[in-house]
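Protein chains in written order, with our numbering: chain V, 7 to 204; chain G, 6 to 166. Beta carbons: idealized from backbone N, C-alpha and C, even for Gly. Please read the structure below before turning to the comments.
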Amino acid sequence: MSFFEWVQQTTLAEWMRFSINGYPTMITLHAIGLAVMVGISVLLCLRMLGVFKRLPIDSLRGFFRYAWIGLVVNTISGVALWTMQAVDYVHSWPFMIKITGVFVGAGLVAVLQRQMANADAGWRHSVPLRVKLIAVVTIIVWTISMVAGRLIAYPGMIFEFLAVVGAVSVLALVGFLVVNRRLEGNRRLTELASRTES
Amino acid sequence: MNVVWNWMESTWLNSFVLDHSWVWPTLEILHFSGMCLLFGSILIMDLRLLGFQRLVTSDAVHQFVPVAILGFAINLATGLLFFFGNPFRYAINISFQIKIVLVLLAGINALIYNYKIEPIMNAAGPHGDYPHLAKAVGFASIVLWTGVIAFGRLIPYLGTG
Numbered sequence: 007m008s009f010f011e012w013v014q015q016t017t018l019a020e021w022m023r024f025s026i027n028g029y030p031t032m033i034t035l036h037a038i039g040l041a042v043m044v045g046i047s048v049l050l051c052l053r054m055l056g057v058f059k060r061l062p063i064d065s066l067r068g069f070f071r072y073a074w075i076g077l078v079v080n081t082i083s084g085v086a087l088w089t090m091q092a093v094d095y096v097h098s099w100p101f102m103i104k105i106t107g108v109f110v111g112a113g114l115v116a117v118l119q120r121q122m123a124n125a126d127a128g129w130r131h132s133v134p135l136r137v138k139l140i141a142v143v144t145i146i147v148w149t150i151s152m153v154a155g156r157l158i159a160y161p162g163m164i165f166e167f168l169a170v171v172g173a174v175s176v177l178a179l180v181g182f183l184v185v186n187r188r189l190e191g192n193r194r195l196t197e198l199a200s201r202t203e204s
Numbered sequence: 006m007n008v009v010w011n012w013m014e015s016t017w018l019n020s021f022v023l024d025h026s027w028v029w030p031t032l033e034i035l036h037f038s039g040m041c042l043l044f045g046s047i048l049i050m051d052l053r054l055l056g057f058q059r060l061v062t063s064d065a066v067h068q069f070v071p072v073a074i075l076g077f078a079i080n081l082a083t084g085l086l087f088f089f090g091n092p093f094r095y096a097i098n099i100s101f102q103i104k105i106v107l108v109l110l111a112g113i114n115a116l117i118y119n120y121k122i123e124p125i126m127n128a129a130g131p132h133g134d135y136p137h138l139a140k141a142v143g144f145a146s147i148v149l150w151t152g153v154i155a156f157g158r159l160i161p162y163l164g165t166g
């Protein structure tokens, strides 16, 4: 018996399969946890990219903890859902891509949290490029995970969707770099102008 | 109402949603994305309203309102397309009906936030604590929108359809 076969025979898996409420409860918790984790972390990413500028970065640090609560909810509900089909999921491209994306995305949010904890006064005017890049990549990775996660229920469409998401992501990344360079250039010019004036 | 549902089924939107295999999953993905934007932003605003994260200033937290509206707009559009695709299935579904009632209540709650609570917040100062009324509105918002997600997700499992 393989590990995944064993998983499918655990008490939890049996309960998920045979109880009336098990599956609907877990699938609902999984949607709520997704909204919390991805919702909050994407908004924090957008702040790093210069949206909501009137909110000081320091004041937003405390929100990471709620995002992690969302991830805990989804780890618990996700494991419960996974036990039902652990054997099939090993062969499911959407599932494997989604789960990889979740690990990478969670790691990126942890990196972002650490970076924000070390933010210095200079961030008030301009967030370092490497932090902005982490923010862009985090949004892309969450998007890929969400797309792949939904497509677990639609086998055979994952690569078409990934091609579209990939193309949009590359465009977004290039667009970000171009816009960022422009904005940073303008900012430096204004700074220089105000310095020469005084 | 059957006349309306029948009309919806006869529109080109209905065939567009049903005839292409990629449309339904695309709408679902967009619906989840809108949910993240909407719920993420109301959560940040409501937690502040409840008195958590007081470092966030009263005036600046309103900046998340447009994101919430954007998320809602995405979900209204994709939600309507789901409905056009399968009007009878949703119309008679108890979970869907509860969800829509909760959305309407959450909308009224948002109007109260906009007209009654925002002035109170601004008067409380940037890092101030808010009165019970404001906290009640924040709490109601979290509960209602969580309910919207839950009953939305439960549509296939509750009642008919």
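Legend entry - Local conformation of Pro161(G) per DSSP, three classes: Stepping through the second sequence from its first residue, residue 161(G) is reached at position 156. Three-state DSSP puts Pro161(G) in coil, outside helix and strand.
Inset, instruction - Answer yes if the stretch 9-27 of chain G comes into contact with the stretch 178-189 of chain V, meaning at least three C-beta pairs across the two stretches below 8 angstroms, and no otherwise. - result: Contact fails between the stretch 178-189 of chain V and the stretch 9-27 of chain G, because fewer than three Cβ pairs, one in each stretch, are under 8 angstroms apart.
Inset, instruction - Give a yes or no on whether the minimum CB-CB distance between Asp64(V) and chain G is below 9 angstroms. - result: On the first sequence, position 58 is the one that residue 64(V) refers to. For Asp64(V), the nearest CB of chain G lies under 9 angstroms from its own CB, placing it at the interface with that chain.
Legend entry - Nearest to Thr62(G) (by Cα), restricted to the options Met6(G), Val106(G), Pro131(G), Asn119(G): Taking the second sequence and counting its residues from 1, one reaches residue 62(G) at position 57. Residue Pro131(G) is the option with its Cα nearest to Thr62(G).
Legend entry - Cβ-Cβ distance between Val148(G) and Leu54(G) below 9 angstroms: Counted from its first residue, the second sequence places residue 148(G) at position 143. Counted from its first residue, the second sequence places residue 54(G) at position 49. One thing to note: Val148(G) has its Cβ no nearer than 9 angstroms to the Cβ of Leu54(G).
Inset, instruction - Could you check if Gln14(V) is buried or exposed, using at least 16 other CB atoms within 10 Å of its CB as the buried criterion? - result: Here residue 14(V) refers to the residue found at position 8 of the first sequence. Gln14(V) sits buried, since 16 or more C-beta atoms from the chains shown fall within 10 Å of its C-beta.
Inset, instruction - Entirely within the stretch 27-76 of chain V and at least 4 residues each: give me those alpha helix (DSSP H) ranges in chain order. - result: With a minimum length of 4 residues, the continuous alpha helix (DSSP H) runs that stay inside the stretch 27-76 of chain V are 28-54, 63-66.
Inset, instruction - With a floor of 4 residues, list each alpha helix (DSSP H) that falls wholly inside the stretch 125-181 of chain V, ordered by position along the chain. - result: Within the stretch 125-181 of chain V, the complete alpha helix (DSSP H) segments of 4 residues or longer fall at 135-156, listed in chain order.
Legend entry - Which of helix, strand or coil DSSP assigns to His36(G): Mapped onto the second sequence, residue 36(G) falls at position 31. Here His36(G) carries a helix assignment [DSSP, helix/strand/coil].
Inset, instruction - Identify the continuous alpha helix (DSSP H) that holds Asp24(G) and give its terminal residues. - result: Taking the second sequence and counting its residues from 1, the one referred to as residue 24(G) is at position 19. 17-24 is the span of the alpha helix (DSSP H), which, as asked, contains Asp24(G).
Inset, instruction - Determine the chain V residues that contact Phe87(G) at a beta-carbon separation under 9 angstroms, and present them in chain order. - result: Counting from one through the second sequence, the residue named residue 87(G) turns up at place 82. By Cβ distance, chain V contributes nothing, its closest Cβ being about 14 angstroms from Phe87(G), past 9 angstroms.
Legend entry - Cβ of Arg60(V) within 9 angstroms of any chain G Cβ: As a working note, residue 60(V) is residue 54 in the first sequence. True, the Cβ-Cβ gap to chain G drops below 9 angstroms.
Legend entry - Cβ shell of Ser151(V) (< 7 angstroms), same chain only, five flanking positions each side left out: Position 145 of the first sequence, counted from the start, is the residue given in the question as residue 151(V). Cβ neighbours of Ser151(V) beyond the five flanking positions: Lys104, Gly107, Val108, Gly111.
Legend entry - Rounded C-alpha distance that separates Asp64(V) from Pro136(G): Taking the first residue of the first sequence as position 1, residue 64(V) is located at position 58. Taking the first residue of the second sequence as position 1, residue 136(G) is located at position 131. Straight across, the Cα-Cα distance linking Asp64(V) with Pro136(G) is about 25 angstroms.
Legend entry - Contact set between Tyr162(G) and chain V, taken where Cβ atoms lie within less than 7 angstroms: The count along the second sequence starts at 1 and reaches residue 162(G) at position 157. Neighbours of Tyr162(G) across chain V, judged by C-beta separation under 7 angstroms: Pro30.
Inset, instruction - Report the option in Trp27(G), Ile79(G), Asn114(G), Ser146(G) whose CA atom is closest to the CA atom of Pro161(V). - result: Working through the first sequence from its first residue, we reach residue 161(V) at position 155. Taking Pro161(V) as reference, the option from Trp27(G), Ile79(G), Asn114(G), Ser146(G) with the minimal CA-CA separation is Trp27(G).
Inset, instruction - Taking C-beta pairs closer than 7 angstroms, name the residues in chain V that Arg158(G) reaches, listed in chain order. - result: As a working mapping, residue 158(G) is identified with position 153 in the second sequence. Ile33, Thr34, Ala37, listed in chain order.
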